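The opening residue of the sequence shown carries number 1129 in our numbering; numbering runs sequentially from there.
One structure is given below, encoded as structure tokens.
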Amino acid sequence: MAYFRVNENCNGCLSCVENCPASALSYIDQDDQRTLLHNMTKCARCGQCWRICPQEAIEFQHLLVGQWDDVVTMDLIRCQVCGEPLYSTAYQQKVVNEMDANSEPLCPQHRQRRVASKWPHKY
Ligand code: SF4
Ligand code: SF4
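In structure tokens:
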């Protein structure tokens, strides 16, 4: 999802490109089309493009939202006793199985209890 968004009012005048102090805006004219480009790593979020746009086409508010974006979602392995999330199934396949083929999905607390339960009791 792009942080820099323009609405349907944009007519490609390029005022924003020409007045961006950080060179964070650019464009490509290819075949019969003009594409406006924005580079988030260069953008200083100064709002100059938003102020200068004669069409009020730049929806600057998206640049100011400090939101978290979903990157990837995967299945979780949970502690088989209490249900506490432990690690992803992908992590289990790659790492945990290499370390301990008999590793049970247990949180630290229940792993400790499981190990302790296997110790011989002295009376
Ligand atoms: S200044 Fe506004 S109308 Fe012109 S290209 Fe930029 S966003 Fe589009
Ligand atoms: S907010 Fe400022 S730095 Fe970012 S694209 Fe607009 S004019 Fe350029």
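Built from N, CA and C at the ideal position, the CB exists for glycine as well.
From a predicted model like this one, the values you see are computed outputs, not experimental measurements.
Residue i, buried or exposed, once every other Cβ within 10 Å from all chains shown has been counted against 16
{"i": "Cys-1141", "result": "exposed"}
{"i": "Val-1134", "result": "buried"}
{"i": "Ala-1244", "result": "exposed"}
{"i": "Leu-1192", "result": "exposed"}
{"i": "Leu-1153", "result": "buried"}
{"i": "Leu-1234", "result": "buried"}
Of the listed residues the options, nearest to residue i (C-alpha basis)
{"i": "Thr-1124", "options": "Trp-1178, Cys-1174, Ser-1231", "result": "Here the chain covers residues 1129 to 1251 and nothing more, so residue 1124 does not appear."}
{"i": "Asn-1147", "options": "Pro-1236, Cys-1174, Asp-1157", "result": "Cys-1174"}
{"i": "Phe-1188", "options": "Trp-1178, Gly-1194, Trp-1196", "result": "Trp-1178"}
{"i": "Asn-1137", "options": "Pro-1182, Met-1168, Thr-1169, Gln-1176", "result": "Pro-1182"}
{"i": "Asn-1139", "options": "Thr-1163, Leu-1153, Gln-1220, His-1238", "result": "Thr-1163"}
{"i": "Pro-1180", "options": "Tyr-1131, Leu-1234, Gln-1220, Ser-1143", "result": "A small fix is needed here, since residue 1180 is Ile in this sequence, not Pro. Measuring from the Cα of Ile-1180, the nearest candidate turns out to be Ser-1143."}
{"i": "Thr-1169", "options": "Gln-1158, Arg-1206, Ala-1130", "result": "Ala-1130"}
{"i": "Asp-1132", "options": "Ile-1205, Asp-1157, Trp-1247, Gln-1176", "result": "The amino acid at residue 1132 is misidentified as Asp; the sequence shows Phe. When each option's Cα is compared against that of Phe-1132, the closest is Gln-1176."}
{"i": "Ala-1172", "options": "Gln-1221, Ala-1150, Trp-1247", "result": "Ala-1150"}
CA-to-CA distance, residue j to residue i, given in whole angstroms
{"i": "Pro-1236", "j": "Val-1209", "result": "11 Å"}
{"i": "Asn-1167", "j": "Ile-1186", "result": "15 Å"}
{"i": "Tyr-1155", "j": "Trp-1196", "result": "27 Å"}
Three-way DSSP call (helix, strand, coil) for residue i in this model
{"i": "Pro-1253", "result": "Given a span of 1129 to 1251 for the chain in the structure shown, any question on residue 1253 remains unanswerable."}
{"i": "Ser-1151", "result": "coil"}
Checklist entry - Which whole runs of the alpha helix (DSSP H) in the segment 1161-1208 are 4 residues long or more, in chain order? => result DSSP runs (the alpha helix (DSSP H)) wholly in the segment 1161-1208: 1176-1180, 1189-1192.
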